[in-house]
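Student: Take 34 as the starting number for the sequence shown in our numbering and just add one per residue.
Glycine included, each C-beta is placed from N, C-alpha and C at the ideal position.
The model shown is predicted, which means the values in this text are computed figures rather than measured ones.
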Amino acid sequence: MLSVTQEKGVVPKLKQEVMKKMIEQGVRIDNRGLNDYRALSIRVGVVKTADGSSLVSLGNTKVMAGVKVEIGKPFEDTPDEGALIVNLEIAPTASPDVEPGPPDENAIEVARVVDRAIRHSGFLNFKSLSIVTGKHAWFLWVDVYVLNHDGNLVDASTIAAVTALMNTALPKVELDPAGNILRIDRGSRSPLSLNMDKLPLTITHVKIGNFLLVDPIREEEDLSDGAYITGVAGGSIVSIQKVTGAFTKDEVNYMVSNSINQYVKLRESVINIMKNPPTDLQL
């Protein structure tokens, strides 16, 4: 399962049996426990032509996100708000299953899950993106690019998008008395208005046999019987996506509860890294 919808790859039968036996003993093929995330690294400001950017590694899964800010006309139903648009593309070199071309349904679905978690979290103050009500507002284009796919694209992509937004600052806009734009000063910027108490993250579980695992690697996704993605912000569930498979009520209750527990740990990791993120790499 490439991420959330794509057809599964093939894990050799002998390796399947080894993986299943290890999981029954509470250990995974990469020596993690069933409830352990892989090592996380974050670099920000990696794309000098973007208004904000982040490069995230979750184990061997590597995702880059860049933010471009543009002024546009607000939507009619939200005249005093700006907008967020999340796009995602999987590089052909990220996985043998990916073919060159425009984003497929799989990439579009991952982008939707990431967008939903951010949009419903209360993390981004959309009203702060308004410049002149009904006339001008900031549009935030978040482009996520998967560089290497070793499982759990959704969680890695969410972290990349969120930390790229944390790295984004808006240019100063000068207006005339009529509310027309006179000048955009890209040399003078202000950070986005973000509620860090509601920082959004996604927590992905997969089911293999009777066992539930977080942060699956690619081979675990291919072996899984189902996947369940929970968006969490500030300790509250903000989105749920059952991708495949069937889950019992007890399993769903466990995954929801465990997602909140995992969120606390993952958020702490993200915040700690972002206090002093590496910025030496630029693309």
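For the beta strand (DSSP E) containing residue 116, list its first residue and its last residue.
Tutor: 116-123
Student: For residue 159, count the other beta carbons within 10 Å of its own beta carbon; 16 or more makes it buried, fewer makes it exposed. Which is it?
Tutor: buried
Student: Residue 47 to residue 256, Cα distance in whole Å?
Tutor: A direct Cα-to-Cα measurement between residue 47 and residue 256 gives close to 12 Å.
Student: Would the region 104-113 and the region 229-242 be scored as touching if the rule is three or more Cβ pairs under 8 Å?
Tutor: Segments in contact, no.
Student: Using CA atoms only, rank isn't needed, just tell me which of 201, 230 and 229 is closest to residue 222.
Tutor: 201
Student: For the alpha helix (DSSP H) containing residue 137, name the first residue and the last one.
Tutor: Unbroken run through residue 137: none, as it is neither H nor E.
Student: Go ahead and label residue 263 buried or exposed: buried means 16 or more other beta carbons lie within 10 angstroms of its beta carbon, across all protein chains shown.
Tutor: Answer is buried; the Cβ neighbour count reaches 16.
Student: Looking at the unbroken beta strand (DSSP E) that takes in residue 274, where does it start and where does it end?
Tutor: First-last of the beta strand (DSSP E) with residue 274: 269-277.
Student: Nearest CA to the CA of residue 94: which residue from 130, 226, 180 and 85?
Tutor: 180
Student: Which value, in whole angstroms, describes the spacing of the CA atoms of residue 280 and residue 66?
Tutor: 21 Å
Student: Distance check for residue 165 and residue 212, CA to CA, integer angstroms please.
Tutor: 6 Å
Student: Can you have a look at residue 45 and say buried or exposed, based on whether 16 or more other CB atoms are within 10 angstroms of its CB?
Tutor: exposed
Student: 9 Å is my cut-off, CB to CB: does residue 293 come that close to chain D?
Tutor: The structure shown has no chain D; it contains just one protein chain.
Student: On the DSSP letters alone, give me the boundaries of the alpha helix (DSSP H) that residue 297 sits inside.
Tutor: 282-308
Student: Opposite residue 86 in the DSSP bridges: which residues?
Tutor: 99
Student: Take the Cβ of residue 226 as the centre, count every other Cβ of all protein chains shown within 10 Å, and call the residue buried at 16 or more, exposed below.
Tutor: With fewer than 16 other Cβ atoms within 10 Å, it is exposed.
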